[in-house]
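One structure is given below, encoded as structure tokens.
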Amino acid sequence: MKGEGQQRAYERILQYALLAIVVAVYAYITYRISSRLALNPMSDMNAHAKSVAEIWLDPSQGGFGKFFSETSYPGWHALMAIFLIGGLSLAQAAGAACAFFACVTVLVIWYVSKIIMGDHAAWLALGVTVILLFVTAIYLPWYSDSIYMGQGSPTVWHNPTYDAVKPFALIASAVFFCMVKDRRAELAPCIAFALVTLLCLALKPSFFQVQAPGIFLYLLVDACVNRDWRFVRNVALSFVPAILYMSVPLWIMLFSSSGGGEGIGFCFFQVYGAFNSNVLVSIVLLLAFPLFATIVLRRDIFSVSSPFLFLFLMLVIGFCEYSFVMENGERMYHGNFAWGYYLAVFLYWAFILPLFIKRSLKDRSLARWVVVVGCVLVAAHFLSGVLYCSQFLLDVSGEMLY
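Per the working numbering, the sequence shown starts with residue 9, numbered consecutively.
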């Protein structure tokens, strides 16, 4: 017994050591890429970084107060401002801010993977974490020169607010996942869910655009079938702080030209299809494994009591928003409704991949050919993501944004 206890202790120490290495390597990669993009005038990273240096920290441009009056999500910018005040350069501060959120992302993915696969599957969770840090759309060079443009990706390197909200969107989804799984909506988890959702709004409201309608649609289904009104009421009340926080800026963004655009309109793949030659092919390249996993794990996902169902609904909501809603005017092809969709894709990956591996390797409830096809698709997504990352790291021109 004593020997077994020591062996488990050594294994746990080794797991934490490898996890620390993954955190350090991913933070370093993120810092390298982000600090380079912060100096590229064509990058989103540069635009966000300059807004901190030129507006937040320059009283002649309006300073701190003006920035808060013009944006509803100052989270990443506040952290970068702290690094700038501490004496770092623009590129260093942007890289450090992104590296901080990268560290949080690794730890949250690992922990959520353990929740789904079980605490005794820590080694598998570590492997899943590495995969989820890099997955993109499958790259076919004869179809598109770009891995990102036209297809989209759950992994994005050039937008700091997207990377900042990712781990907290995953935390919010994990909290709700556990609430659904355990059918618990007591005060403590509801408060935690409300606070993390508020934090996500301060980092990037795009998550709320898919989270709120996806969960409310789930609650509608749940109310009709389970009639657990206490659960529905408490979860709905958890959204009140976020709705109050977002009410004014959301109204301005969607329906007023004073929000920097000309309101919103409806379309039919006008924005989604603007940067690819075939919308259907691009959708399949982005969602190849998620779609395959949805089919083979349909009994786990589409049960009314399933905690995975709301993730699928968020994915559908995100897809519909990007496909059929657009900003009018000069911001039409900025693709800002894509961010919620990409977050929904990432969140679906983060829960479905551990489930697929659990059913394949632990429960052995899937046919061998299903496991083989699934692993091939995961490998294709992962290797495409590694290539996408290497393009940012190795591009000597500094112009590789997508």
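Ideal placement from N, C-alpha and C gives every residue a C-beta, glycine not left out. Since we're looking at a predicted model, the values are computed, not measured.
Under three-state DSSP, which class holds I199?
In the displayed model, I199 falls within a helix according to three-state DSSP.
Requested in this report: Give the C-beta separation of G382 and A301 to the nearest angstrom, bearing in mind that I take them to be a contact with Cβ-Cβ under 8 Å.
Outcome: Yes, G382 and A301 are in contact; Cβ-Cβ is about 7 Å, under 8 Å.
Checklist entry - Since M334 contacts G273 with CB under 8 Å, what's their CB separation in whole angstroms? => result The C-beta distance from M334 to G273 rounds to 6 Å, short enough to meet the 8 Å contact threshold.
>> Counting C-beta neighbours from all protein chains within 10 Å, is the total for A99 16 or more, i.e. buried, or is it exposed?
In response: Answer is buried; the Cβ neighbour count reaches 16.
**Study point:** DSSP three-state assignment for L305, whether helix, strand or coil
**Key:** DSSP places L305 outside both helix and strand once states are collapsed to three, so it counts as coil.
Exercise for review: On the DSSP bridge assignment, give the partners of E335 in chain order.
Suggested key: In DSSP, E335 forms a bridge with I272.
Q: Starting from the Cα of V353, find the closest Cα among F332, A375, N336, F318 and give me that residue.
A: Taking V353 as reference, the option from F332, A375, N336, F318 with the minimal CA-CA separation is F318.
Hey, is the segment 10-30 in contact with the segment 83-100, meaning 3+ C-beta pairs nearer than 8 Å?
Touching, no, given that fewer than three Cβ pairs across the two stretches are closer than 8 Å.
* To do: For P213, name the three-state secondary structure that DSSP assigns.
  => In this structure, P213 counts as coil in the three-state DSSP scheme.
Taking 8 Å as the threshold (C-beta atoms), are G160 and A346 in contact? Yes, Cβ-Cβ distance for A346 and G160 is below 8 Å.
Would a C-beta distance cut-off of 8 Å place G326 and V218 closer than the cut-off? The answer is yes: Cβ separation under 8 Å.
Worksheet item: What whole-angstrom Cβ distance do A102 and S43 have, given they're in contact under 8 Å?
Response: Under the criterion of beta carbons closer than 8 Å, A102 and S43 qualify as touching, at roughly 6 Å.
Practice prompt. Pull up the CB-CB distance for T137 and S121, whole angstroms please, since I reckon it's below 8 Å.
Written response: About 6 Å separates the Cβ atoms of T137 and S121, confirming a contact at the 8 Å cut-off.
By DSSP, does H166 sit in helix, in strand, or in coil?
Residue state, collapsed to three classes: coil.
| For V188, which residues from the same chain have a beta carbon less than 6 Å from its beta carbon, with the 5 sequence-adjacent residues on both sides left out? | Answer for V188: P315, listed in chain order.
Could you compute how far the alpha carbon of I63 sits from the alpha carbon of Y170?
Linking I63 to Y170 through their CA atoms gives a straight-line distance of about 21 Å.
Shortest alpha-carbon distance to V31 belongs to which of L363, M88, G135? The shortest C-alpha to C-alpha distance from V31 to any of L363, M88, G135 is the one to G135.
CB contact flag (Y253, L321, <8 Å): Going by C-beta atoms, Y253 is not nearer than 8 Å to L321.
Item to complete: Rounded to whole angstroms, what's the CA-CA distance from F413 to C328? Just pull it up for me.
Response: No answer is possible for residue 413: the residues shown for the chain start at 9 and end at 410.
| query | At which residues does the alpha helix (DSSP H) containing G348 begin and terminate? | reply | DSSP places G348 in the uninterrupted alpha helix (DSSP H) bounded by 346-365.
If you run the structure through DSSP and keep just helix, strand and coil, what is S265? Any answer about S265 is weak, because its pLDDT of 46 lies below 50 and its placement is not dependable; what the coordinates show is given next. In the three-state reduction of the DSSP assignment, S265 falls in the helix class, which pools H, G and I.
Q) What number of angstroms, rounded off, separates the C-alpha of K58 from the C-alpha of L206? A) Each residue's Cα considered, the two are about 25 Å apart.
Handout entry: Cβ shell of E194 (< 7 Å), same chain only, five flanking positions each side left out
Key = So the list is empty, once near-sequence residues are dropped.
- Does the beta-carbon of W357 have 16 or more other beta-carbons within 10 angstroms, so that it is buried, or is it exposed? So W357 counts as buried.
- Task: Helix, strand or coil for V404, going by three-state DSSP, please let me know.
- Result: Confidence at V404 is low in this model, with a pLDDT of 45, below 50, so the placement of that residue should be treated as unreliable; the coordinate-derived value is given next. In this structure, V404 counts as coil in the three-state DSSP scheme.
Is it true that the CB of V112 sits closer than 8 Å to the CB of H85? No.
State yes or no: is the C-beta of A177 within less than 8 Å of the C-beta of L361? Not closer than 8 Å, so no.
By how many angstroms is the C-alpha of N234 removed from the C-alpha of Y34? For Y34 and N234, the distance between alpha carbons rounds to 43 Å.
*asked:* Rounding to the nearest angstrom, what Cα-Cα distance links V243 and V204 in this structure?
replied: When the Cα atoms are used, V243 and V204 turn out to be separated by approximately 13 Å.
Which listed residue (K174, G222, P221) has its alpha carbon closest to that of C208 = The residue among K174, G222, P221 with its C-alpha nearest the C-alpha of C208 is K174.
(message) Judging by CA-CA distance, which residue of V114, F108, M53 is the nearest neighbour of I29?
(response) The candidate whose alpha carbon is nearest that of I29 is V114.
If you draw a straight line from the C-alpha of K370 to the C-alpha of I123, how long is it? Approximately 14 Å between the Cα atoms of the pair.
For Q399, the nearest candidate out of H128, F142, L87, R20 (CA to CA)
The option with the nearest alpha carbon to Q399 is F142.
Item checked: Whole-angstrom distance between W118 and A107, CA atom to CA atom -> Whole-angstrom Cα-Cα distance: 17 Å.
Between the C-alpha atoms of L363 and Q278, what's the straight-line distance to the nearest angstrom?
One C-alpha to the other measures close to 34 Å.
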